[in-house]
Amino acid sequence: MNQYDREAIEAKWQKNWEQWELYHFDKQSTAPVYSVDNPPRYASGPLHVGHATHYTHIDFAARFRWQTGYNVLFPLCVDVNGMPIEVNVEKKHGIHMRDTPRQEFLRLCKEFADENTDQIRTQFNLLGCCMDPSIFYRTDAEQYRRLTQITFLKLYNEGLIYKGLAPVNWCPRCGTALADAEVEYADRESILNYIHFGVSGQDEDAIVATTRPELICTCQLAAVSPKDEKLAHLIGKKLITPIYGKEVDIIADDKVDPEFGTGLVMICSIGDKDDLDWIYKHNLPVENAMDGQGIMTNIAGDYKGMTIKDARAAIIEDLKKQGLLPKQEKAEQSVGSCWRCKTFIEFLQVPQWFLKTLDAREEVLKIADELNWYPEFMKIRLQNWVNSLNRDWVISRQRYFATPIPIWECNSCGDIILAKEEDCYVDPTVDEPPVPECPECGEQLAGCEDVFDTWMDSSISPLYITYWQQDNELHEKLWPCSLRPQGQDIIRTWAFYTILRSHYLKGGKPWNDIMVDGFILAPDGRPMHASDGNVIDPLDLLEKYGSDAWRYYSSTVTIGEDVAIQEKDILHGQRFCTKLWNIHKFISKTIAGPVEVDWSQLRTSDRWLLTQYSRLVKEITRDYEEFHFDRVIRKLEAFIWHVFADHYIEMVKYRMNDDEQDDALAHTLYTVGLGTLKMLAVIIPHITDEIYEQLYKEFDGVQSITVSEWPEPGIEEDIELTRGDVLKDIISAVRNWKSEQGLALSAELEIIEIIGPRIEYLMGSELDIAGTLKAKNVLLMAEAEVIETPVEIKPIHAIIGPKFKQYASEIVKKLAAVEAAEIAPALESGELDIELSNGETVKIERDMVNIIKVPMLDGKEVKSVNVGDLLILIGQEAD
RNA sequence: GGGCUCAUGGUCUAGUUGGUUAGGACUUCGCCUUGACAUGGCGAAGAUCUCCAGUUCAAAUCUGGAUGGGCCCA
């Protein structure tokens with residue numbers, strides 16, 4: 008093996024995997040299937056560190072299953088439907104969607120999506136992801152949209168979809184209804200206008216404070232707080248609106264904050280969420296003061312045809328002229344805005360398509376309970392969301408680039424004609440309806456111009472990837488999916504809607520497991536924002552440190568946690584790769600394929616390592632199954648670097664000469680070297696595949712380590728752990744001692760004497776000690792002839808605590824207060840009596856404390872090192 | 001305002017069921033070119049485990065409260 012050439016190796020293996028078609032789902036295979044409902048990457052915007060981390064996490068789950076014998080279904084997929092691409096196309100070409108012919112605009116959207124799709128494929132390759140290009144899908148493909156439309160038809164026929172007038176969140180700029188999830192709330196400063204209203208049957212005025220005076224025309228009701236004494240006399244009277252002169256009731260309502268404005272509130276349809284609540288509560292009519300483009304309607308009287316902003320300015324001007332506006336002041340207000348273009352949203356009563364959601368809440372919660380959530384607490388978020396729902400799901404959108412709603416409507420009687428399932432995919436804005444004219448009244452039919460909310464597409468991804476309505480036999484075999492990985496930010500959208508649709512269409516859960524990932528924050532611990540200048544480009548890091556280093560970093564990020572990214576962690580990943588390379592380079596000359604040996608042929612050091620290795624295999628397997636990638640990498644790194652390399656290899660270096668074959672060594676190195684490499688291949692596949700090819704492939708026999716067989720645990724012997732630990736501690740203690748003395752580690756020693764009761768553990772390891780520490784002689788003695796002086800008595804809390812309970816701390820204090828040398832003999836010979844403050848006497852036994860001793864010779868300390876109760880005396884050459 | 005979640009040396013973090021000296025990484029300093037690795041090895045320094053209260057012989061760990069991040073919602 009030569010130097011580790013990261014760039015060449017990563018490029019080579021990315022190419023190999025693709026050319027060898029290693030990660031293709033095999034429909035014919037009889038192996039168990041592991042299916043990943045991979046989140047289609049959205050085809051606009053650059054690759055974010057969040058993507059790069061999240062997708063490698065998903066890749067870990069998939070690669071682990073490839074290596075444990077599954078037939079993995081892990082599609083490469085891209086999402087393109089919806090507004091972000093529309094907005095990007097508008098920006099790119101300097102056009103507006105609604106000023107552009109529909110089909111032309113759709114062509115530009117597709118073109119944009121195509122360009123980005125190629126880029127996404129390249130980026131996934133760079134990350135070393137094993138997504139299957141042979142089952143690639145994009146959410147605008149006719150096959151995909153066909154399925155979305157079929158689900159609509161099925162749900163419609165079951166009476167779960169209805170068209171209704173309903174107040175919806177409305178973005179006047181985009182001209183579309185928004186789901187609640189698409190509305191963002193932020194505080195903004197606005198002007199609170201104090202306006203004189205009349206009160207019927209009396210001379211006095213009442214003043215209402217409002218930020219939306221242009222909505223006075225839709226005023227339906229007025230309210231005061233029942234606790235508000237100064238306004239109590241108004242309850243039951245009628246309020247007369249200025250300009251319009253309309254009379255509305257004044258009622259008492261708990262929701263009114265007497266401290267806000269004047270304490271008198273006008274309730275309009277529809278200014279904000281609170282208005283909506285009152286309108287539902289009091290069953291008031293809903294009037295639209297503006298149309299879909301934010302232009303005032305004839306309800307607004309003289310202000311008809313103005314924009315909302317202009318109308319507000321005009322009515323304020325008029326009120327001022329009439330002397331009805333005594334005061335204006337600034338006020339902080341939480342205002343909803345469009346998630347994409349940030350325009351302030353309004354509420355409009357418009358015809359929309361709804362999918363019944365409220366009726367299914369119980370069932371969705373039941374399914375949520377049947378899923379395994381990783382981490383568990385993410386389930387609570389879904390439950391809270393479901394329990395807080397109060398509206399059905401608006402599934403129609405007044406946009407272009409999404410799946411068309413497959414219906415035609417009669418221009419005259421409004422009859423609805425559904426597309427036929429076998430005709431889907433259809434675009435009603437282009438395609439002919441299944442019947443030439445309205446069957447009810449004979450009038451012309453118009454294709455529906457609305458499209459679906461993109462979650463209508465996204466929420467059938469598990470149905471799509473399991474060949475629902477494409478290959479029913481295969482679908483039944485594949486359903487439900489094994490895993491849904493996704494971000495925590497879309498629990499109440501993607502996860503919720505997918506469960507909902509699975510319930511309606513399949514009557515059960517869509518997957519077995521759901522893995523919910525957290526957020527990657529900037530190094531300063533804040534979210535990354537271009538405006539904060541703290542955005543980190545993962546492509547730069549990939550270029551600088553490589554894919555394996557990035558994947559190493561990614562594995563250290565705990566699933567579901569929000570963590571700040573640190574560049575040094577990626578650098579550390581690169582160093583780990585270098586270390587791994589050098590370890591295998593070093594042991595390569597001793598690797599000679601699998602060597603059968605009897606356990607009895609192995610030395611303590613070998614058994615010590617193999618026992619730990621066997622336990623590691625079990626733990627790592629379980630950690631992978633539970634998506635604890637952070638634990639996997641921590642344990643593997645600690646074992647490979649600090650057990651295998653720092654201790655085992657150091658212990659066996661002297662055995663690694665070419666002259667004689669050491670079967671025990673060859674067996675141990677091969678087993679542990681290959682086994683740990685395989686477990687690492689899930690996380691860092693490039694370097695491990697290269698090492699595998701160079702060292703192990705000829706014996707293990709698979710084309711790529713990434714599809715090799717998972718390692719098996721082996722023999723474990725607890726006593727060997729203890730024995731090996733003592734051996735390891737002795738060796739490292741003496742090596743440290745050499746280092747501290749400024750001696751070379753290769754410095755020869757005349758003699759090493761090890762004294763103490765535990766030397767029995769070292770029987771048989773004398774050669775290892777001598778060979779590793781360059782000592783000419785090694786002596787093991789149960790008892791010392793040197794005089795050891797006790798210098799410290801250390802209580803063992805785990806024994807003293809439970810035994811003496813409330814007296815424990817007093818005993819510990821008493822032990823610390825006396826000279827170690829005074830009480831040590833008593834402890835050694837049997838027991839020590841301690842008198843407590845309450846007059847009682849307790850016995851301290853030998854095993855309740857550690858006695859720390861220092862060897863003395865003629866009253867002087869000798870060169871020695873303590874390892875627990877073992878004493879090591881070191882004799883230097885010519886000393 | 002509500003739900004969930006996090007808070008550990010200067011920085012980033014580990015810490016299963018409470019129990020010897022709170023583990024690691026980065027940084028800083030010192031030593032070491034030891035048969036693969038100086039992108040390495042050894043050592044030193046550095047933490048009243050955010051704060052307050054409680055349970056307990058014993059709390060980073062359990063309970064309650066406060067404060068401050070993050071995500072989502074209102």
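In this note's numbering, the protein residues as written are 8 to 886.
Glycine included, every Cβ here is placed at the ideal spot set by N, Cα and C.
Using 10 angstroms around the beta-carbon of A15, count the other beta-carbons present and answer buried if the total reaches 16, otherwise exposed.
Counted from its first residue, the first sequence places residue 15 at position 8. Classification of A15: exposed, given that the 10 Å Cβ count is below 16.
- Query: When we look at the beta-carbon of V659 and count the other beta-carbons within 10 Å, is it buried (16 or more) or exposed?
  - Reply: Position 652 of the first sequence, counted from the first residue, corresponds to residue 659. By the neighbour-count criterion, in which 16 or more other beta carbons inside 10 Å mark a residue as buried, V659 falls on the buried side.
- Message: Using a Cβ distance threshold of 8 Å, determine whether the segment 587-603 contacts the segment 20-36, with at least three qualifying pairs required.
- Response: No, the segment 587-603 is not in contact with the segment 20-36.
For the beta strand (DSSP E) that G494 lies in, which residues bound it at each end? Numbered from its first residue, the first sequence carries residue 494 at position 487. In the DSSP annotation of this structure, the continuous segment of the beta strand (DSSP E) that includes G494 starts and ends at C488 to G494.
**Q.** Buried versus exposed call for S344 [16 or more other C-beta atoms within 10 Å across all chains shown]
**A.** For the purposes of this step, residue 344 is taken as the residue at position 337 of the first sequence. A residue is called buried once 16 or more other Cβ atoms fall within 10 Å of its Cβ, and S344 is buried on that count.
Quiz prompt | Beta-carbon separation (whole angstroms), I374 vs K516, contact threshold 8 Å | solution = The residue labelled residue 374 in the question sits at position 367 within the first sequence. The residue labelled residue 516 in the question sits at position 509 within the first sequence. Yes, I374 and K516 are in contact; Cβ-Cβ is about 5 Å, under 8 Å.
Problem set entry | For V371, the three-state DSSP class (helix, strand or coil) | Counting from 1 along the first sequence, the entry for residue 371 is found at position 364. For V371, the secondary structure class from DSSP, reduced to helix, strand or coil, is helix.
Check your understanding: Among residues of its own chain, excluding the 5 on either side of L623, which ones have a beta-carbon nearer than 6 Å to its beta-carbon?
Key -> For the purposes of this step, residue 623 is taken as residue 616 along the first sequence, with counting starting at 1. Result list for L623: F646, in chain order.
Quiz item: Can you name the residues that DSSP bridges to Y432?
Solution: Residue 432 sits at position 425 when you count from the first residue of the first sequence. According to DSSP, Y432 bridges with nothing at all.
Q.
Taking the alpha carbon of V263 as the reference point, which residue from Q701, A239 and G252 has its own alpha carbon closest?
A. Stepping through the first sequence from its first residue, residue 263 is reached at position 256. Of the residues Q701, A239 and G252, the one whose Cα lies closest to the Cα of V263 is A239.
query = For N45, is the classification buried or exposed, using 16 other Cβ atoms within 10 angstroms of its Cβ as the cut-off for buried?
reply = Counting from 1 along the first sequence, the entry for residue 45 is found at position 38. That one is buried.
- Does the Cβ-Cβ distance between V874 and I737 come in under 8 Å? Start at 1 with the first residue of the first sequence, and residue 874 comes out as number 867. Start at 1 with the first residue of the first sequence, and residue 737 comes out as number 730. Yes, the pair counts as a contact, with Cβ atoms nearer than the cut-off.
Coil, strand or helix - A777 by DSSP:
Along the first sequence, read from residue 1 onward, the residue named residue 777 stands at position 770. Correct three-state label for A777: helix.
Margin query: Distance check for R153 and P440, CA to CA, integer angstroms please.
Written below: Here residue 440 corresponds to residue number 433 of the first sequence, with the count starting at 1. Here residue 153 corresponds to residue number 146 of the first sequence, with the count starting at 1. Distance between P440 and R153, taken at the CA atoms: about 16 Å.
Open item on the list: Just to confirm my understanding: we take F602, look at its own chain, exclude 5 residues before and 5 after, and list those with CB closer than 6 Å. What are they?
Closed with: As a position in the first sequence, residue 602 is number 595, starting the count at 1. The sequence shown places Val at residue 602, not Phe. These residues qualify, in order along the chain: D670, A673 and H674.
In terms of residue numbering, what span does the beta strand (DSSP E) encompassing A828 cover? Residue 828 sits at position 821 when you count from the first residue of the first sequence. Looking at the DSSP string, A828 is not in any beta strand (DSSP E); the run it does join, the alpha helix (DSSP H), is A827 to S836.
Quiz item: Tell me which same chain residues have a C-beta within less than 7 Å of the C-beta of T436, skipping the five on either side of it?
Solution: Numbered from its first residue, the first sequence carries residue 436 at position 429. Once the five neighbours on either side are set aside, the close Cβ partners of T436 are R109, P411, G454 and E456.
Check your understanding: In terms of residue numbering, what span does the alpha helix (DSSP H) encompassing D524 cover?
Key -> As a working mapping, residue 524 is identified with position 517 in the first sequence. Where D524 is concerned, there is no enclosing alpha helix (DSSP H), although the beta strand (DSSP E) it sits in stretches over W518 to D524.
Thinking C-beta only, is T183 closer than 8 Å to D464? Numbered from its first residue, the first sequence carries residue 464 at position 457. Numbered from its first residue, the first sequence carries residue 183 at position 176. Annotated as distal: D464 and T183, with beta-carbon spacing of 8 Å or more.
Practice problem: Leaving out five residues on either side along the sequence, give the residues of the same chain with a beta carbon under 6 Å from the beta carbon of E60. | Solution: Locating residue 60 in the first sequence gives position 53, where the first residue counts as 1. Sequence check: residue 60 is Thr here, not Glu. I527, S561 and V564.
query = If Q581 sits next to G553, beta carbons under 8 Å apart, how far is it from one beta carbon to the other, in whole angstroms?
reply = On the first sequence, position 574 is the one that residue 581 refers to. On the first sequence, position 546 is the one that residue 553 refers to. Their Cβ separation, rounded to whole angstroms, is 6 Å, which keeps Q581 and G553 in contact under 8 Å.
**Q.** Where E221 falls, given that 16 or more other Cβ within 10 Å makes a residue buried
**A.** Against the first sequence, residue 221 aligns to sequence position 214. Counting every other CB atom within 10 Å of its CB across the protein chains shown gives E221 a total of 16 or more, marking it as buried.
Does the distance from the CB of Q356 to the CB of V293 come in under 8 Å?
To locate residue 356, count along the first sequence from 1; it is residue 349. To locate residue 293, count along the first sequence from 1; it is residue 286. The beta carbons of Q356 and V293 sit closer together than 8 Å.
Q) Is it true that the CB of T585 sits closer than 8 Å to the CB of Y11? A) Translated into the one-based positions of the first sequence, residue 11 becomes position 4. Translated into the one-based positions of the first sequence, residue 585 becomes position 578. Yes, these two residues count as a Cβ contact at 8 Å.
Note to self: Mapping the DSSP letters down to three states, classify S39 as helix, strand or coil.
What the structure shows: Sequence index remark: in the first sequence, residue 39 carries index 32 (1-based). The identity of residue 39 in the sequence shown is Pro, whereas the question assumes Ser. DSSP places P39 in coil when its eight states are reduced to three.
inquiry  = Rounded to whole angstroms, what is the Cα-Cα separation between M522 and I498?
reply    = By one-based count along the first sequence, residue 522 stands at place 515. By one-based count along the first sequence, residue 498 stands at place 491. Cα-Cα distance, rounded: 11 Å.
Within 10 angstroms of the Cβ of R853, are there 16 or more other Cβ atoms? Answer buried if so, exposed if not. Locating residue 853 in the first sequence gives position 846, counting from the first residue. R853 is exposed by the Cβ-count criterion.
task = State the Cα-Cα distance for the pair S711 and E574, rounded to the nearest angstrom.
result = Within the first sequence, numbered from 1, the residue matching residue 711 stands at position 704. Within the first sequence, numbered from 1, the residue matching residue 574 stands at position 567. Approximately 30 Å between the Cα atoms of the pair.
*Identified DSSP bridge partners for K850*: Taking the first residue of the first sequence as 1, we reach residue 850 at position 843. BP columns for K850 point to D840.
Residue from G166, D576, I543 and E747 whose Cα sits closest to the Cα of P53: Along the first sequence, read from residue 1 onward, the residue named residue 53 stands at position 46. For the residues G166, D576, I543 and E747, the minimum Cα distance to P53 belongs to I543.
*Give a yes or no on whether the C-beta atoms belonging to D139 and P82 are separated by under 8 Å.*
Indexing the first sequence from 1 puts residue 139 at position 132. Indexing the first sequence from 1 puts residue 82 at position 75. Cβ atoms of D139 and P82: closer than 8 Å.
>> In this structure, how does DSSP classify N379 when only helix, strand and coil are distinguished?
In response: Here residue 379 refers to the residue found at position 372 of the first sequence. Here N379 sits in strand by DSSP.
| Per DSSP, R404 is paired with what? | To locate residue 404, count along the first sequence from 1; it is residue 397. DSSP lists V458 as the beta-bridge partner residues of R404.
Among all the DSSP beta bridges, which residues are the ones paired with A453?
As a first step, residue 453 must be located in the first sequence, where it is residue number 446. Answer by DSSP bridge pairing, in chain order: E416.
Would the segment 774-792 count as touching the segment 800-812 if we require 3 or more Cβ pairs under 8 Å? Short answer: they don't touch.
To the nearest whole angstrom, what separates the beta carbons of I858 and P797, a pair I think is in contact under 8 Å?
Residue mapping note: residue 858 aligns to position 851 of the first sequence, counting from 1. Residue mapping note: residue 797 aligns to position 790 of the first sequence, counting from 1. With a Cβ gap of about 5 Å, I858 and P797 count as contacting.
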